[in-house]
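Q: If you read the sequences in order, they're chains A and B. Residues in the first sequence are numbered from 493 upward in steps of one, following our numbering. Residues in the second sequence are numbered from 493 upward in steps of one, following our numbering.
There are 2 protein chains.
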Amino acid sequence: MPRTPTVSPDRILQVAAREFADRGYAGARVDRIARLARVNKAMLYYHFGSKKALYRALLLQVFSHAGQRLTAIADGPGPADRKIHDVIGAMGAFVAEHAFFPAIMLREVADGGVHLDRETLAALAALPLTVGAIVRQGVAERTLRPLNPIAAYFTMFAPIVMFMTGAPLRGQLTSRQLVDMSKLPPERFVEQLQESIRLAFTAR
Amino acid sequence: MPRTPTVSPDRILQVAAREFADRGYAGARVDRIARLARVNKAMLYYHFGSKKALYRALLLQVFSHAGQRLTAIADGPGPADRKIHDVIGAMGAFVAEHAFFPAIMLREVADGGVHLDRETLAALAALPLTVGAIVRQGVAERTLRPLNPIAAYFTMFAPIVMFMTGAPLRGQLTSRQLVDMSKLPPERFVEQLQESIRLAFTAR
DNA sequence: GTCTATACTTCGATAGAC
DNA sequence: GTCTATCGAAGTATAGAC
Numbered sequence: 493m494p495r496t497p498t499v500s501p502d503r504i505l506q507v508a509a510r511e512f513a514d515r516g517y518a519g520a521r522v523d524r525i526a527r528l529a530r531v532n533k534a535m536l537y538y539h540f541g542s543k544k545a546l547y548r549a550l551l552l553q554v555f556s557h558a559g560q561r562l563t564a565i566a567d568g569p570g571p572a573d574r575k576i577h578d579v580i581g582a583m584g585a586f587v588a589e590h591a592f593f594p595a596i597m598l599r600e601v602a603d604g605g606v607h608l609d610r611e612t613l614a615a616l617a618a619l620p621l622t623v624g625a626i627v628r629q630g631v632a633e634r635t636l637r638p639l640n641p642i643a644a645y646f647t648m649f650a651p652i653v654m655f656m657t658g659a660p661l662r663g664q665l666t667s668r669q670l671v672d673m674s675k676l677p678p679e680r681f682v683e684q685l686q687e688s689i690r691l692a693f694t695a696r
Numbered sequence: 493m494p495r496t497p498t499v500s501p502d503r504i505l506q507v508a509a510r511e512f513a514d515r516g517y518a519g520a521r522v523d524r525i526a527r528l529a530r531v532n533k534a535m536l537y538y539h540f541g542s543k544k545a546l547y548r549a550l551l552l553q554v555f556s557h558a559g560q561r562l563t564a565i566a567d568g569p570g571p572a573d574r575k576i577h578d579v580i581g582a583m584g585a586f587v588a589e590h591a592f593f594p595a596i597m598l599r600e601v602a603d604g605g606v607h608l609d610r611e612t613l614a615a616l617a618a619l620p621l622t623v624g625a626i627v628r629q630g631v632a633e634r635t636l637r638p639l640n641p642i643a644a645y646f647t648m649f650a651p652i653v654m655f656m657t658g659a660p661l662r663g664q665l666t667s668r669q670l671v672d673m674s675k676l677p678p679e680r681f682v683e684q685l686q687e688s689i690r691l692a693f694t695a696r
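So this is what it looks like as structure tokens:
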């Protein structure tokens with residue numbers, strides 16, 4: 493996966509990812525995406541048709557990739573408590589590779605999915621579905637305590653998504669000397685979360 | 493606190509809360525806020541000066557209120573593990589009273605605080621500061637296990653904020669029969685989170 | 001304090017030549 | 001596939017009468 497794709501559509505998607513993550517659907521500017529991707533606007537519309545279609549193409553791609561990571565773990569062997577640990581780690585790794593992902597996820601939650609079609613929503617739905625499957629496995633095999641799958645999904649993923657998205661805001665609060673929120677690298681946050689979720693979810 | 497304030501500025505703030513929560517700063521429309529608040533646009537600008545000033549006034553108000561709730565608990569008597577439980581409950585109650593709050597919080601995290609001034613950022617900073625104080629108390633008195641205060645803050649609040657904000661998206665996923673995420677009322681989610689955080693944070 | 005009308009800007013999208 | 005030029009809609013904000 494090259495850092496600077498030579499093909500226009502790929503380069504557009506890459507720039508669009510940052511633009512939509514940083515500014516949201518309403519705040520994103522097609523002009524800016526085209527300029528940063530070094531294509532003119534007409535070219536962008538030629539490839540994607542509309543701002544909304546570009547947004548959907550991007551989200552479908554990223555949600556599908558994220559879903560595949562989780563599904564691979566859920567469908568693999570091993571006890572559910574181990575899978576929970578691995579799934580949190582996989583999400584942390586996915587965010588490390590795709591820094592724009594958590595902000596997009598956050599914004600789509602806030603927007604209520606209004607810009608998405610059924611296909612993109614289905615790709616998004618794979619995430620809670622996969623976690624739900626692991627939780628049900630764990631409760632059945634008694635490696636996890638009885639948990640509501642939806643509650644478990646939010647309890648394990650919301651912290652990672654909000655922490656990763658919140659880096660710029662933490663930077664502002666820290667640099668303005670309002671709170672010092674600078675001393676926790678992402679990898680350590682993931683470890684701490686894994687430990688908290690292990691204590692919270694494991695049957696005993 | 494009347495449901496339909498008679499004074500224009502109050503009514504504008506109330507409508508603006510829903511508009512900014514539903515659509516974000518960039519997506520919010522001053523025209524729509526004015527129309528729904530039954531004032532004309534010139535009146536809105538007369539009272540608040542600009543879209544940004546209106547946004548800041550709203551966020552300053554809501555962050556201050558939320559911060560006061562938490563501070564009251566943190567400064568009160570009792571062991572820290574109990575305060576953690578109460579603070580989660582207080583946040584759940586605050587959201588029940590101000591349904592727009594979690595979406596605003598989520599969007600501001602994603603926007604990186606770019607629309608806020610120092611005063612509003614300070615009001616926001618009170619939240620992690622207060623949780624940090626409770627965590628430090630608990631670690632000192634050995635009612636909580638050693639925890640990074642920042643990690644603790646995100647672990648306990650991110651789930652509540654994302655779950656509450658995500659109601660419309662869950663509704664879409666459920667009604668389109670992609671996942672059934674409809675069977676978990678907010679109060680039960682808060683209880684489940686309190687139990688998970690108790691297990692995750694308590695020293696033993 | 002309240003209104004109508006409008007100035008000014010920006011945005012998404014397209015026409016049409018090459 | 002690629003470009004320049006531009007259109008029409010929509011947005012924030014204000015002027016100026018009452």
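We put the beta carbon where it would ideally sit given N, CA and C, even for glycine. Since the model is a prediction, treat every value here as computed from it, not as a measurement.
Which residues, taken in chain order from the region 494 to 524 of chain A, show a beta carbon closer than 7 Å to some beta carbon of chain B?
A: For the region 494 to 524 of chain A, which is checked against every Cβ of chain B, the residues closer than 7 Å are Arg515, Gly516, Ala518, Gly519.
Q: Check the C-beta distance from A:Ala582 over to A:Gln629 and give it rounded, since I have them as a contact under 8 Å.
A: Beta-carbon to beta-carbon, A:Ala582 and A:Gln629 are separated by about 17 Å, too far to satisfy the 8 Å threshold.
Q: Quick one: what does DSSP say A:Leu636 is sitting in, helix, strand or coil?
A: strand
Q: Can you tell me which residues form a DSSP beta bridge with A:Thr694?
A: A:Leu636
Q: Pick from A:Glu683, A:Ile596, A:Phe649: whose alpha carbon is nearest that of A:Ala520?
A: A:Ile596
Q: Can you say whether A:Gln684 is buried or exposed, counting buried as having 16 or more other CB atoms within 10 angstroms of its CB?
A: buried
Q: Using CA coordinates, which residue listed in A:Tyr537, A:Met535, A:Ala588 is at the minimum distance from A:Phe681?
A: A:Ala588
Q: Note down, in chain order, every chain A residue with its Cβ under 9 Å from the Cβ of B:Leu598.
A: Leu598, Arg599, Val601, Ala602, Met654, Thr657
Q: Would you call the region 603 to 619 of chain A and the region 558 to 577 of chain B in contact, with 3 or more CB pairs under 8 Å?
A: No, they do not touch.
Q: Interface residues of chain B around A:Arg668 at Cβ under 7 Å?
A: Residues of chain B with a Cβ closer than 7 Å to the Cβ of A:Arg668 are, in chain order, Arg610, Leu613.
Q: Give me the subset of the region 633 to 645 of chain A whose CB atoms are less than 7 Å from a CB atom of chain B, sorted by chain position.
A: Asn640, Ile642, Ala643
Q: For the region 615 to 631 of chain A, enumerate the residues whose C-beta is nearer than 7 Å to any C-beta of chain B, in chain order.
A: Ala617, Pro620, Leu621
Q: Beta carbons nearer than 7 Å to chain B: which residues of the region 661 to 687 of chain A have them?
A: Residues Leu661, Gln664, Leu665, Arg668, Leu670, Val671, Met673, Leu676, Phe681, Gln684, Leu685.
Q: Return the chain-ordered list of same chain residues with a C-beta closer than 6 Å to the C-beta of B:Ser674, the five sequence neighbours on each side being excluded.
A: In the same chain as B:Ser674, and ignoring 5 residues on each side of it, the C-beta atoms closer than 6 Å to its own belong to Thr666, in chain order.
Q: Please classify A:Thr498: is it buried, with 16 or more other beta-carbons within 10 angstroms of its beta-carbon, or exposed?
A: exposed
Q: Would A:Gly605 pass as an interface residue toward chain B - the criterion being a Cβ-Cβ separation below 8 Å?
A: Interface with chain B (8 Å Cβ-Cβ cutoff): A:Gly605 is included.
Q: Give me the Cα-Cα distance between B:Phe555 and A:Gly559, rounded to the nearest whole angstrom.
A: About 35 Å.
Q: What are the complete alpha helix (DSSP H) segments, minimum 4 residues, inside the region 524 to 562 of chain A?
A: 533 to 540
Q: Relative to the C-alpha of B:Arg696, which residue among B:Leu546, B:Ser688, B:Arg637, B:Gly604 is closest?
A: B:Arg637
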